[in-house]
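Line order of the protein sequences matches chains A and B.
So the number in this note's numbering is just where the residue sits in the first sequence, counting from 1, plus 1386.
So the number in this note's numbering is just where the residue sits in the second sequence, counting from 1, plus 1386.
Number of protein chains: 2
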Amino acid sequence: MRIGELGQATCVDPETIRYYERIGLLPAPVRRTNGYRAYGLAHLERLAFIRHCRALDMPLADVQRLLHLLDHPLDDCLDVDRLINTHLAHVQGRLQSLQALARQLEQLRGRCHGRHTTAECGILHELVAAAQGEGCVCHDGSAPNSPEVI
Amino acid sequence: MRIGELGQATCVDPETIRYYERIGLLPAPVRRTNGYRAYGLAHLERLAFIRHCRALDMPLADVQRLLHLLDHPLDDCLDVDRLINTHLAHVQGRLQSLQALARQLEQLRGRCHGRHTTAECGILHELVAAAQGEGCVCHDGSAPNSPEVI
DNA sequence: TAAAAACCTTGTAGCCACTACATGGTCAAG
DNA sequence: CTTGACCATGTAGTGGCTACAAGGTTTTTA
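#1: Under 7 angstroms between beta-carbons, which chain A residues line up against residue 1489 of chain B? List them in chain order, please.
#2: Is the CB of residue 1409 of chain B under 8 angstroms away from at least one CB in chain A?
#3: Since residue 1462 of chain A sits in a beta bridge, which residues does DSSP pair it with?
#4: Using CA atoms only, rank isn't needed, just tell me which of B:1446, B:1398 and B:1495 is closest to residue 1429 of chain B.
#5: Classify residue 1527 of chain B as helix, strand or coil using the three-state DSSP reduction.
#6: Report the rounded CA-to-CA distance for residue 1502 of chain A versus residue 1463 of chain B, giving the unit in angstroms.
#7: In chain order, what residues of the same chain lie with their CB nearer than 8 angstroms to the CB of residue 1409 of chain A, ignoring the 5 residues before and after it?
#8: Residues of chain A with CB closer than 8 angstroms to the CB of residue 1503 of chain B, please, in chain order.
#9: Report the neighbours of residue 1447 of chain A on chain B: residues whose CB is nearer than 8 angstroms to its CB, in chain order.
#10: When the Cα atoms are used, what is the spatial distance from residue 1533 of chain B to residue 1422 of chain B?
#11: Taking a contact to mean a Cβ-Cβ separation below 8 angstroms, would you say residue 1436 of chain A touches residue 1411 of chain A in this structure?
#12: Quick one: which chain A residues come within Cβ less than 7 angstroms of residue 1438 of chain B?
#13: Can you list, in chain order, the residues of its chain whose CB lies under 8 angstroms from that of residue 1329 of chain A, leaving out five sequence neighbours each side?
#14: By DSSP's criteria, residue 1424 of chain B is part of a beta bridge. Which residues make up the other side?
#15: Output yes if chain B places a C-beta closer than 8 angstroms to the C-beta of residue 1531 of chain A; else output no.
#16: Does the beta-carbon of residue 1472 of chain A have 16 or more other beta-carbons within 10 angstroms, so that it is buried, or is it exposed?
#17: Pick helix, strand or coil for residue 1404 of chain B, following the three-state DSSP scheme.
#18: Comparing the C-beta of residue 1473 of chain B with each C-beta of chain A, is any distance below 8 angstroms?
#19: Does the beta carbon of residue 1622 of chain B come closer than 8 angstroms to any beta carbon on chain A?
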């Protein structure tokens, strides 16, 4: 398989495949005499695994660790469990911030009714007011830095 | 106000403040004789506005547009409405993918029971199987590229 | 047969929103 | 008078790609 064919089979841009090779995620394949990369089934499966993990929104570093564990079948699998749990906690946290975010944005929307100048715009007024009224979290003792929405 | 004081008052790292100035989001303040930046109340309010928008997860380009509209009170405020709506749609889309994601991860978790080798790990098996069984979306006609979780 | 197109190669730079570091100047307290 | 906290600038790194540029190869078309 050439890189383009592998890309088609997995829906991955060839540039991304080369990128995965560059950062050591996908092993470098053998080359044809003309220098083209020649992939086999093992590469296809590995790439599919990577993309599935990415579809689960895992960072490439985590994928790297899972691949390593796959390559060493005798290792302890406790790490897999931990990794998935950590990732799930991360996703759930992000979910919560996003929900709060959507609520705030919904409140904001509809404050601006039709055509008028920005000077009278309810949304802008609300944003400015909220920014001013906002106490800095790091000042009332809790967190050292503002809890950023990620 | 020096940059550190402004940073404390708004919970923003001084390096981030300099960054905002560099990309033209925060106007360059006057300088003291020693070269230190000297900020006033207007800067503080503008920075608070920026951070509030960022807390709503808006990209800086959107914040830039809102600031421009704030600076031009006679402009049409329809843009504000559109911007917020677009952003809300974006957030809601992301929320949906994240929810699907969390469900998948929850299914995955618990497939690995206790201590054994990775060769017998249910999670890893599941991941590999899912990756193999996964038809490529771009092959059954719908989207040109796989719908990425963002 | 020639030209055009589609593929491949490498390397580099850009995206976003910061963050970290290196190197050096300035200022207040002990 | 030294120590430490602050400030200045500029550069490089983060993640996960994406987009070139400049060239070589292969396939298709006229």
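Backbone N, C-alpha and C fix where the C-beta goes; we use that ideal spot for every residue, glycine too.
Here's the rundown:
#1: Per Cβ cutoff of 7 angstroms: no residues; residue 1489 of chain B is ~10 angstroms from chain A at best.
#2: no
#3: B:1503
#4: B:1398
#5: In this prediction, residue 1527 of chain B has a pLDDT of 44, which is less than 50 and means its spatial position is unreliable; nothing more can be read from the coordinates.
#6: 6 angstroms
#7: 1446
#8: 1459, 1460, 1461, 1462 and 1463
#9: Within 8 angstroms Cβ-Cβ: nothing; residue 1447 of chain A doesn't reach chain B, min ~16 angstroms.
#10: At residue 1533 of chain B the pLDDT is 32, less than 50, meaning the model places this residue with poor confidence; the figure from the coordinates comes in the next sentence. Roughly 48 angstroms between the two C-alpha positions.
#11: yes
#12: 1513, 1516, 1517 and 1520
#13: Since the displayed chain A opens at 1387 and closes at 1536, residue 1329 of chain A lies outside it and no answer follows.
#14: B:1416
#15: Confidence at residue 1531 of chain A is low in this model, with a pLDDT of 39, below 50, so its placement is unreliable and no value can be given for it.
#16: exposed
#17: helix
#18: yes
#19: The structure shown does not extend to residue 1622 of chain B, since chain B spans only 1387 to 1536, so no value can be given for it.
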